[in-house]
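Asks:
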Amino acid sequence: MQALDLAKKVIAVNLQLELDQLSADTEILGNFPQFNSLTIVGVIGSIEDELDCVIDDEEINTEIFATVGDLAAFIQSRMR
Amino acid sequence: MRVQRVRLLHELVYAMAQESPDAPALLHKQESLTFAQLASEVQRFSKSLCGLGLGANERVAIYLPKQFEVVIGVFGAAAAGGVAVPINPMLKAQQVSHILRDCNVRVLITSPSRAKQLLEILPNCHDLKFLVLTGAADELPQVTGLTALSWQVAMQAPGQKPPGRIDSDMAAILYTSGSTGLPKGVVLSHLNMVAAADSSSEFLRLSASDRLLAVLPLSFDYGLSQLTTAYYVGASVVLMDYLLPKEVVAAVVRYAVTGISAVPPIWNQLSVLDWPDEAGKSLRYIHHLGRAARRSTLDRLRSKLPLP
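Residue numbers (our numbering), protein chains in the order written: chain A, 3 to 82; chain B, 107 to 414.
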């Protein structure tokens, strides 16, 4: 799966949204009221499951949740 | 110490714009506003609201994450003779609907994307006439009886002079969290808010050189008080939506924050972090509020925080 598709998938699942509501430009942080610190835990867990990796707390900051595209870039960096 | 006697909520900003126009008032990410700039935006927005036909005591709700428009919206609503209703940006459509209906909100300030997420509930908000959007208004589907316009268009409108206010007039309605049922609106007068700012700035011994990190939601009483308390003495405020505790520590260093007010769950999280010595260069006090602090949290904070 491409990084952008995976980013859309984990956001759609964890925020209970439809895939067609999301594009690379869609803002996450500050845009969806249901996005909170618990959702971050959920999203990171989903990425870990999908990529079979472990993401350290140190790697997580709010900048990777600015937009779906930013999250895709983070996922891309973990795919290498 | 205040030179002028402030009696109205928006005068907190106007008075500082007179006293120290070039002092920083508000910071968010890479941007900042001086008191003169903030006062000018507040004044312009208040005239725009009156130009839209906002009547005295009518409600203006703000449903946004922390950004300049929330602060301009709150003070601008009060300056327009209206009543500011800051809505917690974490509330979902049905909860927002309750507030918009319960206190007869006339104007709602939000983002185009958030407005879209509210499309189902907007037609049932009987008193709502205007949406002021932080982005373009043309992508939003038409809702009967509702006019949507962008912040920019609203700000460029010729506007009208706001009506006069006295300190017993309504300034804001803040909603409780609703843990025991539907959220209830608490009505605050201009005097209530200015008196709280006076008291709070006194017990925190704030001065114009202080810089507060506003981590509490502005929809919460002490959250809004972070702004009024700072502006009572001409201190500056850094806006931050609390999400990851480590970003609080980073913000203290980045913005040279001197004080933080927060509730027990936040301090519990902050107390287990490593606080670098750098944070101690600026940090002067921490303020624990809401309910009693956990002993273990206080002990940890005392040993870890680089306070003077």
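From the three backbone atoms N, C-alpha and C, an ideal C-beta is built for every residue, glycine too.
Fair warning: this is a prediction, and the values are worked out from it, not measured in the lab.
Work out the CA separation of residue 113 of chain B and residue 197 of chain B for me, nearest whole Å.
Replies: Their Cα atoms are separated by approximately 32 Å.
Asks: State yes or no: is the beta carbon of residue 44 of chain A nearer than 7 Å to at least one beta carbon in chain B?
Replies: no
Asks: With residue 407 of chain B as the anchor, note down where its alpha helix (DSSP H) starts and where it stops.
Replies: 401-410
Asks: State the DSSP-derived secondary structure class of residue 34 of chain A, mapped to helix, strand or coil.
Replies: coil
Asks: Whole angstroms is fine: what's the gap from residue 281 of chain B's alpha carbon to residue 269 of chain B's?
Replies: 26 Å
Asks: Can you name, in chain order, every residue of its own chain whose Cβ lies under 8 Å from the Cβ of residue 62 of chain A, other than the five neighbours on each side?
Replies: When the five nearest sequence neighbours on each side are left out, the beta carbons in the same chain lying within less than 8 Å of the beta carbon of residue 62 of chain A are those of 42, 46, in order along the chain.
Asks: Answer yes or no: does any C-beta atom of chain A fall closer than 7 Å to that of residue 412 of chain B?
Replies: Answer no: the Cβ-Cβ gap between residue 412 of chain B and chain A never drops below 7 Å.
Asks: Drop a sphere of 10 angstroms on the beta-carbon of residue 293 of chain B, count the other beta-carbons inside from all chains shown, and report buried for 16 or more, exposed for fewer.
Replies: exposed
Asks: Quick check: what's the CA-CA separation for residue 290 of chain B versus residue 338 of chain B?
Replies: 28 Å
Asks: Taking the alpha-carbon positions, what's the residue 81 of chain A to residue 75 of chain A distance?
Replies: 10 Å
Asks: In three-state terms, what does DSSP make of residue 245 of chain B?
Replies: Taken through DSSP and simplified to helix, strand or coil, residue 245 of chain B comes out as coil.
Asks: Would you give the residue range spanned by the beta strand (DSSP E) that residue 132 of chain B belongs to?
Replies: 130-134
Asks: Take the Cβ of residue 332 of chain B as the centre, count every other Cβ of all protein chains shown within 10 Å, and call the residue buried at 16 or more, exposed below.
Replies: buried
Asks: Measure from the alpha carbon of residue 59 of chain A to the alpha carbon of each residue in B/379, B/409, B/389, then state which is nearest.
Replies: B/379
Asks: Is there a Cβ from chain B that is less than 7 Å from the Cβ of residue 33 of chain A?
Replies: yes
Asks: Check the C-beta distance from residue 129 of chain A over to residue 70 of chain A and give it rounded, since I have them as a contact under 8 Å.
Replies: Since the displayed chain A opens at 3 and closes at 82, residue 129 of chain A lies outside it and no answer follows.
Asks: I'd like to know whether the C-beta of residue 64 of chain A is nearer than 7 Å to at least one C-beta of chain B.
Replies: yes
Asks: To the nearest angstrom, how far is it from the Cα of residue 285 of chain B to the Cα of residue 329 of chain B?
Replies: Distance between residue 285 of chain B and residue 329 of chain B, taken at the CA atoms: about 18 Å.
Asks: What does residue 36 of chain A reach in chain B if we use C-beta pairs closer than 9 Å?
Replies: 196, 198
Asks: Less than 7 Å between the C-beta atoms of residue 412 of chain B and residue 381 of chain B, yes or no?
Replies: The answer is yes: Cβ separation under 7 Å.
Asks: Return the residue from the list B/147, B/262, B/181 that minimises the CA-CA distance to residue 299 of chain B.
Replies: The shortest C-alpha separation from residue 299 of chain B is found at B/181.
Asks: Enumerate, from N- to C-terminal direction, the unbroken beta strand (DSSP E) stretches of 3 or more residues contained entirely within the segment 180-256 of chain B.
Replies: Inside the segment 180-256 of chain B, DSSP marks whole beta strand (DSSP E) runs of 3 or more residues at positions 189-192, 211-216, 236-239, 253-256, from first to last along the chain.
Asks: In chain order, which beta strand (DSSP E) runs of at least 3 residues are fully inside the segment 330-358 of chain B?
Replies: Uninterrupted beta strand (DSSP E) stretches at least 3 residues long and entirely within the segment 330-358 of chain B occur at 342-345, given in chain order.
Asks: Between the segment 158-182 of chain B and chain A, which residues of the former have CB atoms less than 7 Å from a CB of the latter, in chain order?
Replies: 171
Asks: Comparing the C-beta of residue 25 of chain A with each C-beta of chain B, is any distance below 7 Å?
Replies: Not closer than 7 Å to any Cβ of chain B, the Cβ of residue 25 of chain A fails to qualify, so no.
Asks: Counting only C-beta atoms, is residue 39 of chain A closer than 7 Å to chain E at any point?
Replies: Although the question refers to chain E, the structure presented lacks it and instead comprises the protein chains A and B.
Asks: With 16 as the cutoff for other CB atoms within 10 Å, does residue 35 of chain A come out buried or exposed?
Replies: Its Cβ being crowded by 16 or more others within 10 Å, residue 35 of chain A is buried.
Asks: Quick test of your reading: residue 227 of chain B and residue 202 of chain B, contact by CB under 8 Å. State the CB separation rounded to the nearest angstrom.
Replies: 7 Å
Asks: Report the option in B/369, B/142, B/140, B/389 whose CA atom is closest to the CA atom of residue 400 of chain B.
Replies: B/369
Asks: Going by the DSSP bridge assignment, what does residue 69 of chain A pair with across the sheet?
Replies: For residue 69 of chain A, which the question treats as bridged, DSSP gives the partners A/29.
Asks: For residue 149 of chain B, count neighbouring Cβ atoms within 10 angstroms of its own Cβ and tell me buried if that reaches 16, exposed if not.
Replies: buried
Asks: What does the alpha-carbon distance come out to for the pair residue 163 of chain B and residue 169 of chain B?
Replies: 19 Å
Asks: Inspect the beta-carbon positions of residue 157 of chain B and residue 263 of chain B and report whether they are closer than 7 Å.
Replies: yes
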